[in-house]
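Heads up, the sequence shown is in our numbering, so the first residue is -4 and it goes up one at a time.
Note that CB positions come from ideal geometry on N, CA and C, so glycine has one too.
These numbers come from a predicted model, not from an experiment.
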Amino acid sequence: MEVGNADGAQIFDAGNKTWVPLNIDFSRYATVQLLGLNLPLMLKDDLVQYKTLLSRPVDIEDIRAIRANA
């Protein structure tokens, strides 16, 4: 789980080796219920796109797991 503020945030694009704006469309989400709370959850496609840009070993592993459970 990641919790934060995306205003002005940047992430390192491993493919281009540059810092790029982190553009998150907060209107795109799925709602899941956890412990009686309705929580917004980033869509799988958006998460894969985000993790693909980062391309850290942990992100590559996460992408494999997400796609295996699609």
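For residue i, the first and last residue of its enclosing beta strand (DSSP E)
i	result
I61	Where I61 is concerned, there is no enclosing beta strand (DSSP E), although the alpha helix (DSSP H) it sits in stretches over P52 to A63.
L32	L32 to M37
A25	Y24 to L29
Residue i versus the options, residue with shortest Cα-Cα distance
i	options	result
N18	L29, D41 and Q28	D41
Q44	D54, P35 and L36	D54
V15	I6, S22, N64 and M37	I6
K39	D8, L29 and T47	T47
V27	A65, D20 and P35	P35
Inter-residue CB distance, residue i and residue j (contact presumed, cutoff 8 Å)
i	j	result
S50	G10	7 Å
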